[in-house]
Amino acid sequence: MAAPEEPLPPVIYTMENKPIVTCAGDQNLFTSIYPTLSQQLPREPMEWRRSYGRAPKMIHLESSFVQFKEELLPKEGNRALLTFPFLHVYWTECCDTEVYKATVKDDLTKWQNVLRAHSSVDWLIVVVENDAKKKNKTNILPRTSIVDKIRNDFCNKQSDRCVVLSDPLKDSSRTQESWNAFLTKLRTLLLMSFTKNLGKFEDDMRTLREKRTEPGWSFCEYFMVQEELAFVFEMLQQFEDALVQYDELDALFSQYVVNFGAGDGANWLTFFCQPVKSWNGLILRKPIDMEKRELIQRREATLLDLRSYLFSRQCTLLLFLQRPWEVAQRALELLHSCVQELQLLEVSVPPGALDCWVFLSCLEVLQRIEGCCDRAQIDSNIAHTVGLWSYATEKLKALGYLCGLVSEKGPTSEDLNRTVDLLAGLGAERPETANTAQSPYKKLKEALSSVEAFEKHYLDLSHATIEMYTSIGRIRSAKFVGKDLAEFYMRKKSPQKAEVYLQGALKTYLAEGWALPITHTRKQLAECQKHLGQIENYLQTSSLLASDCHLPEEERRHFCQEILSFASQQANSPGHKIVLPMQSLAQLRTLHFDPPSAVVHVGGTLSIAVTLWSHMPIPVSVEQMAVSVHFSLEKNSYRKTAEWLTRHKAPSGTVTFPHEPSRLPAPQDSSPALELHAMFERSPSDNSLNTTGIICKNVHMLLRRQESSSSLEMPSGTAPEDGAPGLKCGGVTLQPGANTVTFRTQAREPGTYTLRQLCASVGPLCFVLPHMYPIAQYDVYSQEPQLHVEPLTDSLLAGIPQKVKFTVTTGHYTIKNGDSLQLSNVEAMLILCHTENRAVIYSNTREKSSSTSLRIQSSEKVTSISLPVAPAYHVVEFELEVLSLPSTPAASRDSDKLVTNESHGKYKETQKAGPGMVTMDHKLSIDCPWSIYSTVIALTFCVPFRTSHTLLSAGTRKYIQVCVQNLSELDFQLSDSHLVNLGDSTDVQLMPLNTQPRQHMHSKQSVFFVWELKWTREPPPPLHCRFSFGFFPASEEELSVSLKPYTYEFQVDNFFTLYSVRAEILPPVGMEYCKTGALCSLEVSITRLADLLEVDKDEALTESEEYYTTKLMYEVVDNSSNWAVCGKSSGVVCMPLAARATHRVRMELMPLFAGYLPFPNVRLFKYLPHHSAHSLQLDADSWIENDSLAVDKHVDDPLESGSVRSRGSTHSSSSAEPRGLPMPRLQAFPAGQVFNASTGLQVLVIPSKDDHVLEVSVT
């Protein structure tokens, strides 16, 4: 049992640390079992359930088994988890009672007393049973074993704390089962102890963190405590949880530094405000930097020491988690934050020391990542590491400038001393990098050793960084590094190399619109161009800088003076023009035309006022301002008048150009906007549209040849157009701010003039605006004389005087004394002459020039209008009154609708005249003094009235009703209404029933006139009537001219009554009234009122011995669905042609509703036999007349036998007949020949008594 007492090795904080388990008892026994135990314990994972709702994890437990000593037990207040024994195991293989009582029991008692004294409750007793030893012992207890004794003596309430391991060195199933049970118990107890002690440790740590606001709280002490927790997680290979601990420490420290910068500082932060004396960079090649950890533990670490150690631990864990690219991201954030934290804490840092630390740290991180990744991974993840390359390049440049390695004369003695101090602060190179050829330490030391070495290292880093930025698409960052290279080359007096990088950077900034970088780069480029002697490029850049508002006023004045000095020196020496952009000199704000319409005639004067906003800080004298003009003559421009052109212009005459708030030039490859215009080409004869399309008016701008230039800027876009027509103004001084320059021109050639370019000449310098947008143009027209005639109202009304406006556009023609318009007179239209007619003369801008009386002479065929004297390009307007004679087309004999298709084609209806209005066109031929051709103008007059007539009957008495409808918007007074018979017969008299001599007719109102017909001869002859009445507008009581009456002609034939139809409805027998649902009797009486007449002699006439007969068909129809006809509703009767002959028909009806019901309609037709010649039709559809009765029914020839009640069956039978077979047909009577005496009658129908049981459900 004697155990070898060897001193315990010191704890080393590495990945090999494992949870400690002490072993007491038989050490030789444990030594024999240890190899198997160390292999089997981590083989099976265990589920680790933690507190505070954290997700469970599967972990593999490993342990470090050490000999039990009381010194290993933790003292009170010791928070070290790595040296904490989580479980105590006692090993014994005692199987003899005497031995157990003599030694083992006492040893176990001492062991438990020591554990109990240190409050350790995590223990386990392992009894190893060996069958070989049992056979050799004869005094084994017969009833109780050693295991039972141990459980009774030491495990009263925890019997599971004593386990048996049977024959552990044998290979049997019993041994394997014993091992499995033992290992499960060992893992469970170890995990329980680990969870309990770790939870207590976390609670203590949390309590310590909550005391951070108390005086005397130390961050270094808390750092060690939480790092102990991180070590434990790392020991369990829970690297994510370990990383969280370091991230929390990082965040806590960063927050304290931020609070310190805001004035709320902690006392312990003063330890980290020590001056920086060492700047050897990050150390990432050790898992744990013990030197810096000891400095933190002793509270002697600087801010850089703490940050370096903290990041090295984070880096180690991230690499274990296989996240090397996050290391690069965190490193870049760390380096930038350290620079800020040193400033917040006001730490004293020697010049260049921080640059050295950052440079070494960047290279250390990059080499650490390269050591754990292959080249393919590194190339595919350049985006994560390029930031470190760029930062290292920037810091190396700063060191070169600081140590005088970039100056033209080389480093001075002071620079050399500074270099020596910086290298001394690096200390000696670390052993782990001493054998590395390209270690960060060696690179920095070599770069600072000489000018050539620095240039080599700096250029290598810069080119590598630019290449990496370009490969990942970060062009702007690449150009930024290029700008640093350009500055380096400028210091090295190599401007030709610097220009390339500056141009590339400026191109990128211009494309993206970065104002301040553009300004800064242009300043560098201007210096470079000046050294290279690029005069044009330098002047262009200087002009842009002089107008740049981001520069101070003094610098702007300097660049402006550079331009003016060059212009004054080269003013007297001939040479080519240097073109510069106009936006650097001034901005075009507005352009105002006078006249505002921007339309002038040939010979007229046009002025253009241009408002320019000068961007120069001082006044600039401009020798000449010029606007180049593009002239275009359209094919149909001869049709454009001043009025037409004016309608297509801005009413104010001002064109406003868009402001440029940032005044950033457009990208180099941008093109001017398209100037697209619609093009219409019309026929000269009738002004009809022939072709249409779209044309581009600035093709010369879009398709110009691109000039290659060494300068990035767009100098002018397009050189001034030499020889092009233009407007010029000399001797202009542009003051800073708003300036107005006025151009004047006299129109010469007709067409459209578009303003293209604006050019300002200052000596040999030309500031050019290559394109004006929006489009600014003016029109010069040479107009032909024109005559335009239009009514003053929407439509001209016939019958009353109407005003017509004559407009004479003189164009280039001058109206002389004696010129007149010759109007050919139209028979149906009069031109009214008044002495008060006047003509008004306007200028082409619609300004009234003069007014004079109009002299009109009229003869039988011609009306002459003398025109007042008027100059060219003026407008003469006057008004005349015309009168169209009222008339209306005749009506047909058998209809009351107007006929609208007269043989002469004179009348027509149009939507413009209003719904239902009849129009008349009068063509007026006018001879003008400026043309040998006559001008034909059509005036359309609308008849304001619509007239219809109706024949009314009352038995044998007849009446004619005439309806006059006012379709216009005017009110009229009607008078002298007459209806006369134009025929020769005097047997018919027209008795008027209208007594009012005059009537007022409102707009959209109808007036009715009625006459009674009386005749002395039977039958009365046909009537050919003419209706007429006088009218005049109600608003004008007295007119200067007498108006002709309105007339309407129509004809009435066969208006006498032949038949009288009377119907009577009788209630059922025994009832006083008709009831719904009960059959009633309908009796129809058809009475002949005249003997045989000429109109009766047709195909239906039949001669018998005593009298003539004809066949009639009756039909009872109820369109209102109030009655149900039972039985046959129609039939054919044979009617004698004798006065008072009567035929009666009875049928049954059933009322469907109660109340006063109107009688059903009884209709009467002539029934023509099948042998009629008219019936020989090819299609049965032609048998249908203008009535609502369907006649495709087959009816029998005998009297009273033709029931046509069922349409479907009769239609099918008729359709079975072959086409062309002669069949009977129906013919309607003319209006007035059949009088229905029952029209308008009603009969009372009462509801039938019907008793029902009403069921009501109540819930």
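564 is the number that the numbering used here gives to position 565 of the sequence shown; each next residue is one higher, with no gaps.
Ideal Cβ placement from N, Cα and C applies to all residues, glycine included.
Just mark residue i as buried or exposed, buried being the case when its beta carbon has 16 or more other beta carbons within 10 Å.
| i | result |
| --- | --- |
| I16 | Residue identity check: residue 16 is Asn in the sequence provided, not Ile. N16 should be labelled buried. |
| N697 | buried |
| I19 | buried |
| H1260 | The displayed coordinates of the chain run from 0 to 1258. Any statement about residue 1260 would go beyond what the structure contains. |
| V979 | exposed |
| K408 | exposed |
| V599 | buried |
| C758 | buried |
| M1070 | exposed |
| H59 | exposed |
| S651 | exposed |
| M771 | buried |
| T464 | buried |
| P991 | exposed |
| H921 | buried |
| G503 | buried |
| P594 | buried |
| L140 | Bear in mind that the predicted position of L140 carries a pLDDT of just 46, short of 50, making it too unreliable to give a figure here. |
Could you give the residue range of the beta strand (DSSP E) that holds residue i?
| i | result |
| --- | --- |
| D778 | 776 to 780 |
| R1143 | 1141 to 1150 |
| E128 | 122 to 128 |
For residue i, which three-state DSSP category applies?
| i | result |
| --- | --- |
| P494 | helix |
| H787 | strand |
| N980 | strand |
| N380 | coil |
| E70 | helix |
| M828 | strand |
| S217 | coil |
| S470 | helix |
| L1111 | strand |
| E340 | helix |
| M581 | helix |
| S1214 | Confidence at S1214 is low in this model, with a pLDDT of 39, below 50, so its placement is unreliable and the value that follows should be read with caution. Residue state, collapsed to three classes: helix. |
| K56 | strand |
| D1052 | coil |
Using beta-carbon positions only, say whether residue i and residue j come within less than 7 Å of one another.
| i | j | result |
| --- | --- | --- |
| S819 | L866 | yes |
| L1163 | Y1113 | yes |
| V961 | C1073 | no |
| V861 | G725 | no |
| S1002 | Q964 | no |
| C569 | G729 | In the sequence as displayed, the identity of residue 569 is Gln instead of Cys. No, the pair does not count as a contact, with Cβ atoms beyond the cut-off. |
Below 8 Å CB to CB, which residues in the same chain sit around residue i once its five sequence neighbours on both sides are set aside?
| i | result |
| --- | --- |
| Y468 | V385, S389, I474, S476, A477, V480 |
| I381 | M467, S470, I471 |
| L1240 | A1062, P1157, F1158 |
| L72 | P84, V113, L114, H117, S119 |
What span of residues does the alpha helix (DSSP H) with residue i cover, start to end?
| i | result |
| --- | --- |
| R150 | 145 to 153 |
| L197 | 172 to 209 |
| I295 | 289 to 296 |
| V113 | 104 to 116 |
Can you list, in chain order, the residues of its chain with a C-beta nearer than 7 Å to that of residue i? Leave out the 5 residues immediately preceding and following it.
| i | result |
| --- | --- |
| K576 | P763, C765 |
| A525 | Y537, T540, S541, L544 |
In chain order, what residues of the same chain have a beta carbon less than 6 Å from the beta carbon of residue i, not counting five sequence neighbours either side?
| i | result |
| --- | --- |
| T655 | T589 |
| F181 | V162, L164 |
| S63 | K17, I19 |
Less than 6 Å separating the Cβ of residue i from some heavy atom of the ligand NAD?
| i | result |
| --- | --- |
| D106 | Absent from the structure shown: the ligand NAD. Ligands present: none. |
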